[in-house]
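K.L.:
For the sequence shown, position 22 (counting from the first letter as 1) is numbered 22 according to UniProt numbering, and the numbering increases by one without interruption.
Sharing a structure here in structure tokens format.
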Amino acid sequence: MNDAASTLVIDLVQEFIAFLNSHSPGWIKGYYRFRAEEARHGANASYTTASDVQLIGAVKASPL
1 MNDAASTLVI DLVQEFIAFL NSHSPGWIKG YYRFRAEEAR HGANASYTTA SDVQLIGAVK
61 ASPL
């Protein structure tokens, strides 16, 4: 991975952690998945708490 890609990944992780901290202070693990193919790309995310797994919807979390 080159320096530009590393910087981008670090920025994404920081944004994701900030989002989790503001929306669910009790989160335990967060998962952010990005997939890129030739003609399409997309992402989805989720996180765990002590009692369940929450999916992060694109409509509610559009800035993320």
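Idealized CB from N, CA, C, for every residue including glycine.
Please read these numbers as outputs of a predicted model, since none were measured by experiment.
Can you give me the start and stop residues for the alpha helix (DSSP H) that SER46 sits inside?
P.N.:
No alpha helix (DSSP H) holds SER46; the beta strand (DSSP E) holding it covers 41 to 48.
K.L.:
If you follow the beta strand (DSSP E) that VAL53 is part of, which residue opens it and which one closes it?
P.N.:
Its beta strand (DSSP E) spans residues 53 to 56.
K.L.:
In whole angstroms, what separates the C-alpha of residue 69 from that of GLY57?
P.N.:
The structure shown has nothing for residue 69, since the chain only spans 1 to 64.
K.L.:
Which stretch, first to last residue, makes up the alpha helix (DSSP H) that contains ALA36?
P.N.:
Here ALA36 belongs to no alpha helix (DSSP H); instead the beta strand (DSSP E) covers 29 to 36.
K.L.:
Using the C-alpha atoms, what's the distance from VAL9 back to HIS41?
P.N.:
Distance between the alpha carbons of HIS41 and VAL9 is about 16 angstroms.
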